[in-house]
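Protein chains: 4
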Amino acid sequence: MASERDLYQPPQEGLRARLYEIIFEASTPAGKAFDIALLIAILVSVLAVLLESVASLRAQYLGLFHLLEWVVTLLFTIEYALRIYCVGQPKHYIFSFLGIIDLLAILPTYLSLFLPGTQYLLVIRVLRLLRLFRIFKLVRYVQESQVLGTALYASRRKITVFILGVLSVVVIIGALMYLIEGPEHGYTSIPTSMYWAIVTLTTVGYGDISPETPLGKALACALMILGYGIIAVPTGIVTVELAQASRHAEALRCPHCGRGGHESAADYCKYCGGGLSGED
Amino acid sequence: MASERDLYQPPQEGLRARLYEIIFEASTPAGKAFDIALLIAILVSVLAVLLESVASLRAQYLGLFHLLEWVVTLLFTIEYALRIYCVGQPKHYIFSFLGIIDLLAILPTYLSLFLPGTQYLLVIRVLRLLRLFRIFKLVRYVQESQVLGTALYASRRKITVFILGVLSVVVIIGALMYLIEGPEHGYTSIPTSMYWAIVTLTTVGYGDISPETPLGKALACALMILGYGIIAVPTGIVTVELAQASRHAEALRCPHCGRGGHESAADYCKYCGGGLSGED
Amino acid sequence: MASERDLYQPPQEGLRARLYEIIFEASTPAGKAFDIALLIAILVSVLAVLLESVASLRAQYLGLFHLLEWVVTLLFTIEYALRIYCVGQPKHYIFSFLGIIDLLAILPTYLSLFLPGTQYLLVIRVLRLLRLFRIFKLVRYVQESQVLGTALYASRRKITVFILGVLSVVVIIGALMYLIEGPEHGYTSIPTSMYWAIVTLTTVGYGDISPETPLGKALACALMILGYGIIAVPTGIVTVELAQASRHAEALRCPHCGRGGHESAADYCKYCGGGLSGED
Amino acid sequence: MASERDLYQPPQEGLRARLYEIIFEASTPAGKAFDIALLIAILVSVLAVLLESVASLRAQYLGLFHLLEWVVTLLFTIEYALRIYCVGQPKHYIFSFLGIIDLLAILPTYLSLFLPGTQYLLVIRVLRLLRLFRIFKLVRYVQESQVLGTALYASRRKITVFILGVLSVVVIIGALMYLIEGPEHGYTSIPTSMYWAIVTLTTVGYGDISPETPLGKALACALMILGYGIIAVPTGIVTVELAQASRHAEALRCPHCGRGGHESAADYCKYCGGGLSGED
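Those protein sequence lines, which keep their order, are chains A, B, P and S. One gets my numbering by counting positions in the first sequence from 1 and adding 537 to each. One gets my numbering by counting positions in the second sequence from 1 and adding 537 to each. One gets my numbering by counting positions in the third sequence from 1 and adding 537 to each. One gets my numbering by counting positions in the fourth sequence from 1 and adding 537 to each.
So, in structure tokens, the structure goes:
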């Protein structure tokens, strides 16, 4: 796992080097303080967007919300500029996943000057928490999400086959229900019937549309029992892959001391400190 | 796994052989172009059927939808005739699974001349995508669906026992709720009560019918907790079978070089190329 | 697995022995014909009960339904009398599980002479299908249900702990929602709130009662995410037990020839025919 | 597992020792009688709280409910005082988990003298059943819940990552639906939209709010299929951890006689009686 440090090639000395240490790393007191301030700013600004959408609160505190939004946006803009300034290769940062999120976190406020309503897109700031996830060295959590990610990645083909199969069932059942129930019972078109089929197959069951003819109810019952049965399939897929990912992680052995039981994402042996990849 | 090629006995030379290569195979540029054209035609025609069912779009673009439907149907009819013409044994093709789907994909348009409404059955064209699935040599996806298929086939008896059990519960609970709640609370007959029981047991819960008497609510609670518990059963069944199918695939060893780890659907060893079945 | 034969001690000769062979066994042509007639009688009579409950059909065919009900009931009564007559130890049969179901299958018709409505209890006849299950020697299906049964039995304590935990959550959340939402939003009492909590926790979600205050919605969200998480628990329990039951069945070895891979419910080795329990 | 006995340091002799034996232990006839009386008092008092909340019953039996509540509360208060009196170190008891529950079980009645409505908080008495759980020496049930607890504890990080991921999806989808559907279709604010997103993602689906625009329905379909897929993740996590906890329990071997197959919570070998931890 290459660290963020290597990706952006930090400058070796001077103001830029000190700024880099504060903004991108968390090993110095100043860096930690910066991260905590960032965490608070993100949470406050997302909360402000959520609460601003409540009509009664908007009527009362509109000025406060706007002030907060602009203060946080300006702070994030300054932070974004500093990040570009202090990394060795700005391009790498700007087009990295986290760099794009940093940009998307400030754009909507400026856009809202021209297009009203876009300020609600600011909730994308919640994705900035991903940055803290990495910076705070929440290593074990990152490892756990890697095990989950590995299992989901390994099951991608089985899950694709499964979803294509589900969608074919949805198209065919949707067309049948449109013919059986018809627009007078709420099945106004095949796409609407497909929406109903997905609502039923996933066992959500809003009840905004529901079958009313005996034949429609019988077909719905068949679809529900089918849905009940096939919910077992993705569960089975993910469980088997998770079990294999766990076994693989357990079987990992240190090439130096020979001891096993390391986390699958560990780079170094937890007993002797030697590199687990054998390239150290 | 016998290939489609062997099933239909392609002609060895002449126009039929060239047509066969284009229509049934994807190894030549012409064959690939044909497959892509087929993919687009299928998606466009299914989309047209879906959108035609939307009242506002039908009012506006009725002519366009009809034109599209007839153009695609004529193309598919020509394709169907050519397929019959160029295979060595037309009977094998006509009564094969894919051959029947090819026929069903063109019939509803002709039927709609006599029976209005049948054009919505054209969504069956979505099944024609199965053909592309095979032709495009999406080998790994086919393998994955075989692992899923093997696991589901191996669990067929357990699942049958399970569904028979569920249906018995549904009949008995349905009759009890009909007696307890009665027609005045929406449980107008035992079949309707059974529909409600299935809606509840599968956790869909439309809410079009729901218990209103205290005793009915108590019975519904018991049924819901039961449904919550027994949803674990099919999941457990499929997971165990999937784990076994995966283990079996991993344990498969080449009789020539002795190496394992082959896909369960592989015919040849990926290391030495020898036949895995040992019959090569 | 002791057979039904041993339980009821069939008479050795005479009319009773011949009747026993026809009614309790399926190895002779007459026995098979009896079983098929029984299957048809059960399905027809259950179907008649279901359809009689539909108001429009009852109005039209009331006479036919009553005739059918009485014909089937008389046939079942004669069958019940014959069963008692031909078994060696009538008490064993009368108080056996299947014997009680046979009695319950005829009682409601006679009761309906005094208590109207009880004829709907006739759906209990659906349980008579269990008898056919055994008689038809659907051995593999019985074995599969035994594997399921073993797994569920082995998980009974974990599932009990789980359900007690769920019920405690339901009582406490139900009381909280009653305080938060109150009767004016449909939460008319704590038992009603508990009904809502079960509907929510099991992800059924009828929508007949749903939270309307912000605090109630927040608590409902917490409950839903909790329910989403804990649905994993029974699934995990059953899967682990099913995997162990499967492994156990695979590990079973014949004491005579030493070969394994027998069904967990097999009494004899499928390779050499020797008794698997080693007591043969 | 340290026993409750060691925690509270029971007095060695005198009245306090005899009281301790009756109240905290269940090995003498008096102790067992006390436990059964406690069980009945808890169930009766919780049932009284539940039924008192039903308007029709409250109107009719208000006096009876109040009498019951005060009688049980006084009994529990005396019991609480005696418990403090007879343990060696009252502080240990008062601040233990069970001690706090014992206090919470009597407080609401006294509070209801000043704050009406608080008597419904008495349902917390249901937690007092935990005490019986331990006292009744339901050892195997405690062991089973420890296996469940171990599995859930081992999966805490994977589940945290999973829930954080789900919440991020909920915030972003909630904001999008607020923009797409708007207040006129019931999505009155982003928090309300988030409530809808959780109702949908967990497949509860009340139907109190449901998408009405085509774009909203399409997004809802994507969310439902996503929810259908990710319900597999916690299930997979818990199953794998449960399987490991089970394997671990099976692998546990006695250091004295070497035999395995002990329950994970066993302190002593069930064959030779030696301490399993090897410290005995």
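Beta carbons: idealized from backbone N, C-alpha and C, even for Gly. This one's a predicted model, so the numbers in the text were calculated from it and none came from an experiment.
B:A642 - containing alpha helix (DSSP H), residue span: First-last for B:A642: undefined, no H or E at that position.
Residue burial classification, A:R620 (beta-carbon count within 10 angstroms, cutoff 16): buried
Tell me the DSSP secondary structure of B:E606 in three-state form. helix
Select from the segment 756-767 of chain B all residues with a C-beta closer than 7 Å to any C-beta belonging to chain P, and list them in chain order. C758, M761, I762, G764, Y765 and G766
Test item: CB-CB of B:G773 and P:T776 under 7 Å: yes
Could you say which of B:F571, B:I768 and B:A759 lies nearest to A:I762 if we only look at CA atoms? Checking every option, the nearest Cα to that of A:I762 belongs to B:I768.
Exposure of P:L556, with buried meaning 16 or more beta-carbon neighbours within 10 Å: Answer is buried; the Cβ neighbour count reaches 16.
Per DSSP, what kind of secondary structure is P:G821 in: helix, strand or coil? Shown here, chain P extends from 538 to 817; a query on residue 821 of chain P therefore has no answer.
Okay, do the segment 738-754 of chain A and the segment 728-745 of chain B touch, 3+ Cβ pairs below 8 Å being the bar? yes
Close Cβ partners of P:F673 (< 8 Å) along its chain, the five nearest in sequence each way excluded: A caution first: P:F673 carries a pLDDT of 46, below 50, which makes its placement in the model unreliable, though a value can still be read off. Cβ contact annotation for P:F673 (same chain, cutoff 8 Å, sequence separation greater than five): A563 and D572, in chain order.
Do P:C758 and S:Y598 have their C-beta atoms closer together than 7 Å? no
Nearest chain P C-beta to A:G744 closer than 7 Å, yes or no? yes
Label P:V707 either buried or exposed according to how many other C-beta atoms from any shown protein chain fall within 10 Å of its C-beta, with 16 as the threshold for buried. buried
For P:T822 versus P:L760, is the C-beta spacing smaller than 7 Å? Summary: the structure shown does not reach residue 822 of chain P, with chain P confined to residues 538 through 817, and so no result is reported for it.
Among P:V663, P:L648 and P:A554, whose alpha-carbon lies nearest the alpha-carbon of P:W607? P:L648
Under 7 Å, do P:T687 and P:A618 count as touching if we go by C-beta distance? no
Does the structure place the segment 720-728 of chain A close enough to the segment 708-728 of chain S that three or more beta carbon pairs sit under 8 Å? no
So that I know if they touch, is there some Cβ in chain P lying closer than 7 Å to that of S:V591? yes
Quick one: list the residues of chain B neighbouring A:T737, beta-carbon separation under 7 Å, in chain order. V741
Proximity test, Cβ basis, 7 Å: B:L752 and chain P: no
Is there a Cβ of chain A sitting closer than 7 Å to that of B:T646, yes or no? no
Can you tell me whether DSSP reads A:I768 as helix, strand or coil? In this structure, A:I768 counts as coil in the three-state DSSP scheme.
Along the chain, where does the alpha helix (DSSP H) containing S:F561 start, and where does it finish? G551 to F561
Inter-residue spacing [alpha-carbon to alpha-carbon] between P:L856 and P:L576: Residue numbering for chain P in the displayed model covers 538 to 817; residue 856 of chain P lies beyond these limits and cannot be assessed.
For B:R750, three-class secondary structure by DSSP: This sequence places Thr at residue 750 of chain B; Arg is not what is there. Three-state DSSP puts B:T750 in coil, outside helix and strand.
Beta carbon of B:T614, beta carbon of B:I637: below 7 Å? no
Look at B:A691 and B:I710 and say whether their C-beta atoms are less than 7 Å apart. For B:A691 and B:I710, no; Cβs fall outside 7 Å.
Strictly under 7 Å for the Cβ-Cβ distance: is P:P771 near chain B by that measure? Residue contact check for P:P771 against chain B: a CB pair falls below 7 Å.
S:F651 burial status per 10 Å Cβ neighbour count (16 or more: buried): Result: exposed.
Answer yes or no: do B:A712 and P:V660 have a C-beta to C-beta separation smaller than 7 Å? yes
Near B:L640, which residues of its chain fall below 8 Å by C-beta distance, leaving aside the five closest residues on each side in sequence? For B:L640, where only same-chain residues beyond five positions count, the Cβ hits under 8 Å are Y617 and I631.
What does the alpha-carbon distance come out to for the pair P:A574 and B:T725? 32 Å
Over the uninterrupted alpha helix (DSSP H) stretch that includes P:F632, give me the two end residues. Neither: P:F632 is in no alpha helix (DSSP H) and is coded neither H nor E.
In terms of residues, what are the limits of the alpha helix (DSSP H) holding S:S705? R693 to I717
Using C-beta distances below 7 Å, list every residue in its chain close to S:T655, excluding the 5 sequence neighbours before and after it, in chain order. P645, L648 and S649
Using the three-state DSSP reduction, which class does A:V624 fall into: helix, strand or coil? DSSP, reduced to helix, strand and coil, places A:V624 outside both helices and strands of the structure shown, so it counts as coil.
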